[in-house]
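Enquirer:
In the UniProt record's numbering, the protein residues as written are 1 to 92.
(1) Going by the beta-carbon positions, is the gap between residue 45 and residue 63 smaller than 8 Å?
(2) Taking residue 14 as the reference, which of 29, 56, 26 and 40 has the closest Cα?
(3) Residue 65 bridges to which residues according to DSSP?
(4) Assuming residue 43 and residue 9 are in contact, meaning their beta carbons sit under 8 Å apart, how far apart are those beta carbons, in whole angstroms?
(5) Does DSSP put residue 32 in a helix, a strand or coil?
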């Protein structure tokens with residue numbers, strides 16, 4: 001199964017939810033939090049986010065992330081955000 005294989009959707013935590021929940025108004029923090037809480041317990045959140053990225057989805061909450069969050073989500077787990085370069089303190 002690839003990350004863009006649609007069969008993962010049958011296991012999605014949001015499958016019985018109103019899709020509008022995942023496209024909240026910008027100022028609707030309560031709806032945004034509710035959608036992300038559903039994603040937080042979803043067994044296929046990673047596949048959801050990967051699928052949205054593959055489709056270049058520009059709106060909505062996918063895999064618990066919004067468009068502004070995706071940069072952090074795409075970074076491989078365990079890899080430092082500075083690209084793997086160590087930052088040295090002090091002069092050497």
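Note that the Cβ used here is the ideal one computed from N, Cα and C, for glycine as well.
Expert: Walking through what the data contain:
(1) The residue labelled residue 45 in the question sits at position 45 within the chain shown. The residue labelled residue 63 in the question sits at position 63 within the chain shown. Yes.
(2) By 1-based counting over the chain shown, the position of residue 14 is 14. For residue 14, the closest of 29, 56, 26 and 40 by C-alpha to C-alpha distance is 40.
(3) For the purposes of this step, residue 65 is taken as residue 65 along the chain shown, with counting starting at 1. According to DSSP, which records beta bridges pairwise, residue 65 is partnered with 62.
(4) What you label residue 43 is simply residue 43 of the chain shown in a count that begins at 1. What you label residue 9 is simply residue 9 of the chain shown in a count that begins at 1. The Cβ separation is near 12 Å, so there is no contact.
(5) Here residue 32 corresponds to residue number 32 of the chain shown, with the count starting at 1. In the structure shown, residue 32 adopts helical secondary structure according to DSSP, grouped into three states.
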